[in-house]
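This report refers to the structure that appears directly beneath it.
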Amino acid sequence: MTPAIRSFVAGAALVAGLLGPSVARAADIVDTAVSAGSFTTLVTAVKAAGLVKTLKSKGPFTVFAPSDAAFAKLPPGTVESLLKNKAKLAAILKYHVVPGRVKAADIAGKSLQVATVQGQPVSVDGRFGVRVNDAHVIQPDIEASNGVIHVIDTVLMPPARAKKMHH
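Numbers -26 to -1, 1 to 141, taken from mature numbering (1 follows the signal peptide of the UniProt record, and there is no 0), label the letters of the sequence shown in order.
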């Protein structure tokens, strides 16, 4: 399994953990997300995309986890449409996962591009709070046995590959 696939799986595990009951062991990304209780949509998406096992793997992974409120901000019908398109859903979920354990202190005062498991980079800005693309990190550094979770207030959408990114 490639590091990118492992990272994606870790993100999916986060979602899977949100969907299932937590068990008495070191809490991985999935179990941690499930016990938090505010990631129902993310967990449903991870399950639909088949990413639970991936997100329970060794990692480490950094997951930018959209809250249920973040998913609620999407246009009506978006989540339902994505749940039916597993390839697109998986790509979007993988865009929320970064290989390695990146904590808020690691990016404080910096602005950088970070590669995601999906393949396209996200822009992380730690100069004034922490932002990932257009999302604000509303709860940083939730530790898990196989990585770290940062709760974000907006779902990250990968740019269309056919378009050039403009700065």
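Backbone N, C-alpha and C fix where the C-beta goes; we use that ideal spot for every residue, glycine too.
Leaving out the 5 sequence neighbours to the left and right, which residues in its chain are closer than 7 Å to G121 when beta-carbon positions are compared? Here residue 121 corresponds to residue number 147 of the sequence shown, with the count starting at 1. Here the set comprises A(-17), I3, G33, P34, F35, T36, V37 and R75.
Option in R101, D80, Q94 and V71 with minimal Cα separation from K28: Within the sequence shown, residue 28 is the residue found at index 54, counting from 1. The residue asked about is misnamed: residue 28 is Thr in this sequence, not Lys. The shortest C-alpha separation from T28 is found at V71.
Taking the beta strand (DSSP E) that F38 belongs to, which residues open and close that run? Residue numbering aside, residue 38 sits at position 64 when the sequence shown is read from its first letter. Unbroken beta strand (DSSP E) run through F38: F35 to P40.
Between I126, H110, H124 and S97, which lies nearest to P132 when the distance is taken from Cα to Cα? For the purposes of this step, residue 132 is identified with residue 158 of the sequence shown, where counting begins at 1. Here the closest residue by C-alpha is S97.
Assigned exposure category for T52 - 16 Cβ within 10 Å defines buried: Residue 52 sits at position 78 when you count from the first residue of the sequence shown. The residue in question, T52, is exposed, as its Cβ has fewer than 16 Cβ neighbours within 10 Å.
Could you tell me whether the stretch 40 to 55 touches the stretch 12 to 23, where touching means 3 or more Cβ pairs closer than 8 Å? yes
Report buried or exposed for residue 155, applying the criterion of at least 16 other Cβ atoms within 10 angstroms of its Cβ. No answer is possible for residue 155: it lies beyond the span of the chain, which begins at -26 and ends at 141.
How many angstroms separate the CA atom of N107 from the CA atom of P50? In the sequence shown, residue 107 corresponds to position 133, counting from 1. In the sequence shown, residue 50 corresponds to position 76, counting from 1. Roughly 22 Å between the two C-alpha positions.
Check the DSSP bridge columns for residue 145 and list the partner residues they point to. This structure cannot settle anything about residue 145, because the visible part of the chain is limited to -26 through 141.
Skipping 5 residues on each side, what residues in its chain have a beta carbon closer than 8 Å to that of L57? Here the question's residue 57 lines up with position 83 in the sequence shown. For L57, where only same-chain residues beyond five positions count, the Cβ hits under 8 Å are T18, A19, A22 and L63.
For V104 and D127, what's the separation of their Cα atoms in angstroms? Position 130 of the sequence shown, counted from the first residue, corresponds to residue 104. Position 153 of the sequence shown, counted from the first residue, corresponds to residue 127. In a straight line, the C-alpha of V104 is about 11 Å away from that of D127.
Backbone CA spacing between E117 and I123 [nearest angstrom]: Along the sequence shown, read from residue 1 onward, the residue named residue 117 stands at position 143. Along the sequence shown, read from residue 1 onward, the residue named residue 123 stands at position 149. The straight-line gap from Cα to Cα measures roughly 6 Å.
Tell me which residues share the same chain as A(-3) and place their Cβ nearer than 7 Å to its Cβ, disregarding the 5 neighbours each side in the sequence. Working through the sequence shown from its first residue, we reach residue -3 at position 24. Confidence at A(-3) is low in this model, with a pLDDT of 42, below 50, so its placement is unreliable and the value that follows should be read with caution. Correct list: empty, nothing qualifies.
Below 8 Å CB to CB, which residues in the same chain sit around Q87 once its five sequence neighbours on both sides are set aside? Your numbering for residue 87 matches position 113 in the sequence shown. Around Q87: P95, V96, S97 and V98.
Give the secondary structure of D5 by DSSP, where H, G and I count as helix, E and B as strand, and everything else as coil. Counting from one through the sequence shown, the residue named residue 5 turns up at place 31. If DSSP states are grouped into helix, strand and coil, D5 belongs with the helices.
Which residue spans inside the stretch 37 to 68 form an unbroken alpha helix (DSSP H) run of at least 4? 42 to 46, 52 to 58 and 60 to 68
How many angstroms separate the CA atom of S(-5) from the CA atom of S31? As a position in the sequence shown, residue -5 is number 22, starting the count at 1. As a position in the sequence shown, residue 31 is number 57, starting the count at 1. Here the model assigns S(-5) a pLDDT of 39, short of 50, so the residue's position is not dependable, and the following value carries that caveat. In a straight line, the C-alpha of S(-5) is about 16 Å away from that of S31.
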